[in-house]
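At position 79 of the sequence shown (counting the first as 1) the number is 79 in the working numbering, and the numbers step up by one without a gap. We treat Cβ as the ideally placed atom computed from N, Cα and C, and that holds for glycine.
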Amino acid sequence: MRHYIEQQQLLSEGTTVIVGLSGGCDSMVLLHVLHRMGYRCIAAHCNFHLRSEESDHDEQFVRDFCKREDIPLVVTHFETTTYAQEQRLSIELAARELRYGWFDTLREEHQAEAIAVGHHADDQAETLLMHLVRGSGLNGLCGMHPKNGNIVRPLLCVSRKDIEHYAQQKDIPYVTDSTNIDTQYRRNYFRHEVLPLLEQVNPHIIQTLSRTCKHLQGYQHYIQAETTRLRETCLVREGDTDYIDLQQVCQCESWETWLYELLTPYGLQSDQVEQLTRSIHARHSGKHYLSASHRCLLDRTRLIIQPLYSQTEDVPSLLQRSYPRNDISAFPPADAPIVCIDADKVKGTLHLRHWQEGDTFRPIGMKGNKKLSDFFTDQKLSVFEKEAVWIVCDDERIVWVAGHRMDDRYKITAESHTILELTLQKDTTL
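This is the structure:
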């Protein structure tokens, strides 16, 4: 394992490391080995209160062991079921979020270099099979990485059988989680039902699948580098909005694959990307796709992507300044961020809103009314851009499509007496 740690550059010699300690065979062997290798280990145990007395027994077991071996131990308790219900997560995912969130807090508190967890080669094989059966892109098929941010997996090169054999040789005690044999859990089903069948076909299936993950991780590094280069040429960011030039993407060979890689950071699922590629082939613009964090719009020759939180924007302030009519030539153009109108033609008070279906106005210079939706189409605004436009209205009609065009009926003429200057100002306070 020392060679694997050095080869993968997992830990610096003699550094402080948080070791996730459940009390099971894998984590106990991991702690034993790292402690013997001279790392300053801080054991971290989570009591998730999911197995009643068994959870408390595991906690006492690791307390006794660490006290006997003089290894620092930190224990925390989680109301996992409550958290899962509040966050609408499965128990497994809730426990994972709680565990790794706490581990990272400990790492910062103790200024540790990394968090070591006991995943091994069998876990890697199970993960690959689960992702393969569920359907996954390259990221999922790569399985677990030896190092992922602050998480390191020194046992990833070792099989479960070798770990159990080491524990027996070194007389390392451990507890057994009774739920590990429950095949209602997906991972346990693959562990106890699927892998034994595959071992009948290939006795070295664990090593084979682990080696496959390693090869795929190498391909992944190459694809990530190429995706970064492609992103630099076809993606433009304006504020919190990303624009992807589809004309450039579609010039690539197997462009559907590259599009999938470009969209992965936005959380879109593989089936959504497949729907999107079909729409691109059919030239169907205007399609929306939502992930947990972003929304994506297929808009003619580009994709427009925004974080979901951008929909809850701040309402700008409408600044108004009136003064007697003087030099008309000094007034800003009608499509400027500032507009000047005839104050005497305003009916009631001015207010801000977004556009609504059926809105009409009379663009300056026109004789008749025009639907605002048609005006937006003429301006080639995307759905997202339409949503961002603010409309200034009085009590009767639209006065100004801010940043685009004012209504002709409010223009300044030779008969105008009072000028009203309108400006939209965003709130810049923090």
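- Task: For Ile181, count neighbouring C-beta atoms within 10 Å of its own C-beta (all shown protein chains included) and say buried if the count is 16 or more, exposed if not.
- Result: Position 181 of the sequence shown holds residue 181. Exposed, because fewer than 16 other Cβ atoms sit within 10 Å of the Cβ of Ile181.
- Is the beta carbon of Thr264 sitting closer than 9 Å to the one on Asn148? Reading the sequence shown from its first residue, position 264 is the one you call residue 264. Reading the sequence shown from its first residue, position 148 is the one you call residue 148. Contact flag unset, no.
- From the DSSP output, in three-state form, read off Phe375 for me. Position 375 of the sequence shown, counting from 1, holds the residue named residue 375. DSSP places Phe375 in helix when its eight states are reduced to three.
- Report the option in His32, Gln87, Cys157 and Arg229 whose CA atom is closest to the CA atom of Ile5. As a position in the sequence shown, residue 5 is number 5, starting the count at 1. Per the Cα distances, Cys157.
- Where does the unbroken beta strand (DSSP E) through Leu10 begin, and where does it stop? Indexing the sequence shown from 1 puts residue 10 at position 10. Neither: Leu10 is in no beta strand (DSSP E) and is coded neither H nor E.
- Residue from Trp255, Trp258, Tyr289 and Leu262 whose Cα sits closest to the Cα of Asp271: Mapped onto the sequence shown, residue 271 falls at position 271. Of Trp255, Trp258, Tyr289 and Leu262, the residue nearest in Cα terms is Tyr289.
- Burial state of Ser329, where buried means 16 or more other Cβ atoms lie within 10 Å: One-based indexing of the sequence shown puts residue 329 at position 329. The predicted model places Ser329 with a pLDDT of 49, which falls under 50 and marks its position as unreliable; any figure quoted below should be read in that light. The residue in question, Ser329, is exposed, as its Cβ has fewer than 16 Cβ neighbours within 10 Å.
- Three-state secondary structure (DSSP) at Val383? Translated into the one-based positions of the sequence shown, residue 383 becomes position 383. Three-state result, Val383: helix.
- Query: Can you list, in chain order, the residues of its chain whose CB lies under 6 Å from that of Gly118, leaving out five sequence neighbours each side?
  - Reply: Indexing the sequence shown from 1 puts residue 118 at position 118. Answer for Gly118: Asp26, Ser27, Leu30 and Leu155, listed in chain order.
- May I ask you to list the residues that DSSP assigns as paired with Thr423? In the sequence shown, residue 423 corresponds to position 423, counting from 1. Leu319 and Ile338, per the DSSP bridge assignment.
- Task: Taking 8 Å as the threshold, find out whether the stretch 30-47 comes into contact with the stretch 63-72 through three or more Cβ pairs.
- Result: yes
- Item | As assigned by DSSP and simplified to three states, the class of Asn150 | As a first step, residue 150 is located in the sequence shown; it is residue number 150 there, counting from the start. Asn150: coil per DSSP, three-state reduction.
- Tell whether a beta-carbon distance below 9 Å holds between Leu424 and Val401. As a position in the sequence shown, residue 424 is number 424, starting the count at 1. As a position in the sequence shown, residue 401 is number 401, starting the count at 1. Result no, Cβ atoms of Leu424 and Val401 do not sit closer than 9 Å.
- Item | Per DSSP, cross-strand counterpart(s) of Gln306 | In the sequence shown, residue 306 corresponds to position 306, counting from 1. According to DSSP, Gln306 bridges with Arg295.
- Message: Taking 9 Å as the threshold (C-beta atoms), are Ala116 and Val62 in contact?
- Response: Here residue 62 refers to the residue found at position 62 when the sequence shown is read from its first residue. Here residue 116 refers to the residue found at position 116 when the sequence shown is read from its first residue. Not a contact, by the Cβ cut-off of 9 Å.
- Item | Where the alpha helix (DSSP H) containing Val201 begins and where it ends | If you number the sequence shown from 1, residue 201 lands on position 201. Leu195 to Val201 is the span of the alpha helix (DSSP H), which, as asked, contains Val201.
- Beta-carbon proximity check, Leu262 vs Ile244, cutoff 9 Å: Along the sequence shown, read from residue 1 onward, the residue named residue 262 stands at position 262. Along the sequence shown, read from residue 1 onward, the residue named residue 244 stands at position 244. Yes; because the gap between Cβ atoms is below 9 Å, this pair is in contact.
- Name the DSSP bridge partner or partners of Asp407? The count along the sequence shown starts at 1 and reaches residue 407 at position 407. Paired residues: Pro363.
- Item | Cα-Cα separation, Leu11 to Ile391 | Numbered from its first residue, the sequence shown carries residue 11 at position 11. Numbered from its first residue, the sequence shown carries residue 391 at position 391. In a straight line, the C-alpha of Leu11 is about 58 Å away from that of Ile391.
- Beta bridge counterpart(s) of Arg47 as assigned by DSSP: Position 47 of the sequence shown, counted from the first residue, corresponds to residue 47. The displayed chain sequence assigns Asn, not Arg, to residue 47. Asn47 is bridged to His77.
- Under three-state DSSP, which class holds Trp400? On the sequence shown, residue 400 is found 400 positions in, with the first residue counted as 1. In this structure, Trp400 counts as strand in the three-state DSSP scheme.
- Less than 8 Å between the CB atoms is what I'm expecting for Gly286 and Leu298, so what's the real figure, rounded? As a working note, residue 286 is residue 286 in the sequence shown. As a working note, residue 298 is residue 298 in the sequence shown. That belief holds up - the Cβ atoms of Gly286 and Leu298 are roughly 7 Å apart, short of 8 Å.
- Determine contact between the stretch 120-129 and the stretch 199-212, defined as no fewer than three beta-carbon pairs at a distance below 8 Å. yes
- Where Glu238 falls: helix, strand or coil (DSSP): The residue given as residue 238 occupies position 238 in the sequence shown. In this structure, Glu238 counts as strand in the three-state DSSP scheme.
- Query: Short check: CB of Ile280 to CB of His294, under 9 Å?
  - Reply: By 1-based counting over the sequence shown, the position of residue 280 is 280. By 1-based counting over the sequence shown, the position of residue 294 is 294. Contact flag unset, no.
- Using 10 angstroms around the beta-carbon of His32, count the other beta-carbons present and answer buried if the total reaches 16, otherwise exposed. Taking the sequence shown and counting its residues from 1, one reaches residue 32 at position 32. His32 is buried by the Cβ-count criterion.
- Message: I'd like the list of long-range same chain contacts for Trp102, defined as Cβ closer than 6 Å, with 5 residues on each side in sequence excluded.
- Response: What you label residue 102 is simply residue 102 of the sequence shown in a count that begins at 1. Thr76, listed in sequence order.
- Item | Whole-angstrom distance between Leu129 and Thr431, CA atom to CA atom | This structure gives no information on residue 431, because the portion of the chain shown stretches from 1 to 430.
- Can Val236 and Leu259 be called in contact, C-beta distance under 9 Å? For the purposes of this step, residue 236 is taken as the residue at position 236 of the sequence shown. For the purposes of this step, residue 259 is taken as the residue at position 259 of the sequence shown. Not closer than 9 Å, so no.
- Message: Going by the DSSP bridge assignment, what does Cys41 pair with across the sheet?
- Response: As a first step, residue 41 must be located in the sequence shown, where it is residue number 41. In the DSSP output, where bridge partners are listed per residue, Cys41 has Val17.
- Go ahead and pull the three-state DSSP assignment for Ala121. Taking the sequence shown and counting its residues from 1, one reaches residue 121 at position 121. It is helical.
- Query: If we count the other Cβ atoms within 10 Å of its Cβ and call it buried at 16 or more, is Met366 buried or exposed?
  - Reply: In the sequence shown, residue 366 corresponds to position 366, counting from 1. The residue in question, Met366, is exposed, as its Cβ has fewer than 16 Cβ neighbours within 10 Å.
- Query: For Lys345, which of Phe376, Glu54, Leu303 and Val399 has the nearest alpha-carbon?
  - Reply: By one-based count along the sequence shown, residue 345 stands at place 345. Closest by alpha carbon: Val399.
- Query: What's the C-alpha gap between Asp162 and His120?
  - Reply: Here residue 162 is taken as the residue at index 162 of the sequence shown, counted from 1. Here residue 120 is taken as the residue at index 120 of the sequence shown, counted from 1. In a straight line, the C-alpha of Asp162 is about 10 Å away from that of His120.
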